Amino acid sequence: MKLKQIVVFCASSPGHEKVYMEAARMVGKVFAEKGIQLVYGGGRVGLMGGIADSVMENGGQVVGVIPKFLNSKEIGHTGISQLIEVDTMHERKAKMNNLCDAVIALPGGFGTMEELFEMLTWGQLGLHQKPVGLLNVDGFYDHLIQFIKHMVDAGLLKKENQDMLLYANNIHDLLDKMDAYVAPEVPKWLNLERS
2 MKLKQIVVFC ASSPGHEKVY MEAARMVGKV FAEKGIQLVY GGGRVGLMGG
52 IADSVMENGG QVVGVIPKFL NSKEIGHTGI SQLIEVDTMH ERKAKMNNLC
102 DAVIALPGGF GTMEELFEML TWGQLGLHQK PVGLLNVDGF YDHLIQFIKH
152 MVDAGLLKKE NQDMLLYANN IHDLLDKMDA YVAPEVPKWL NLERS
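Okay, here's the thing in structure tokens:
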């Protein structure tokens, strides 16, 4: 699989540790070098702004998707290739999904988690076959990875669905895993896309 457009979900704040921003900027640089277009939430602040700035500074392409109510608060990034304005948060996620080949979550809060798990759920239901990954910056996602394993151990999540979530500590390893990703078979009664 050749990844050409990747959605990145991440925080609209920089966090307390400088390593988060360093990682966001490194991802942006790598995307630009590899010719991968960044699709993201359209903000100019926090890790969101950091990754977008880095892609642009390194000659890459960035598409932001932002709801009107957020853009009206003047947090939309005006220095990117394209900023698409939508009406709702739901439209934002649907548009981002339509624009991407894969999804990566960098460190973030509730919004990042909600977006990540919706994309995983859509994959579980057969609505897409895209790789979904965590960039586990400085162990940020260690507890989440353990919790997902606990879901499997508790019999509430299938192992093949756990394996849908790829993760690595650096962007190069994560992209390699995403390039090699093969989506699990979805039960016929759930396979909405291919029925």
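Counting with my numbering, you get residues 2 to 196 for the letters of the sequence shown.
Don't be surprised by glycine CBs; every beta carbon is placed ideally from N, CA and C.
A quick note: this is a predicted structure, and the numbers were derived from the prediction, not measured.
Exercise for review: Could you have a look at Ser196 and say whether DSSP puts it in helix, strand or coil?
Suggested key: Note that Ser196 has pLDDT 42, beneath the 50 cutoff, so the model's placement of it is unreliable and the number below is only indicative. Looking at Ser196 - three-state DSSP - the assignment turns out to be coil, as it is neither helix nor strand.
Practice item. In the DSSP assignment, find the unbroken beta strand (DSSP E) run with Gln83 in it and report its ends. Key: Per DSSP, Gln83 belongs to the beta strand (DSSP E) from Gln83 to Val87.
Practice item. With DSSP as the reference, please indicate the residues paired to Ala103 in a beta bridge. Key: DSSP output for Ala103 lists Ile7 as bridge partner(s).
**Study point:** Of the listed residues Ala155, Ile76 and Val56, nearest to Ser13 (C-alpha basis)
**Key:** When each option's Cα is compared against that of Ser13, the closest is Ile76.
Review point. What does DSSP give as the partner residues of Ile67 in its beta bridges?
Key: Answer by DSSP bridge pairing, in chain order: Glu86.
Exercise for review: Closer than 7 Å by C-beta to Val138: which residues in its own chain qualify, once you throw out the five before and the five after it? Chain order, please.
Suggested key: Val20, Tyr21, Ala24, Leu107 and Pro108.
Check your understanding: Using DSSP with H/G/I as helix, E/B as strand and the rest coil, what is Val20?
Key -> The DSSP-derived three-state label of Val20 is helix.
Review point. In the DSSP assignment, what residue or residues form a beta bridge with Val40?
Key: DSSP output for Val40 lists Val8 and Val64 as bridge partner(s).
Exercise for review: Measure from the alpha carbon of Glu34 to the alpha carbon of each residue in Ile149, Leu84, Lys96 and Leu176, then state which is nearest.
Suggested key: Scanning Ile149, Leu84, Lys96 and Leu176 for the CA closest to the CA of Glu34 turns up Leu176.
Practice item. Within 10 angstroms of the Cβ of Lys150, are there 16 or more other Cβ atoms? Answer buried if so, exposed if not. Key: Lys150 is exposed by the Cβ-count criterion.
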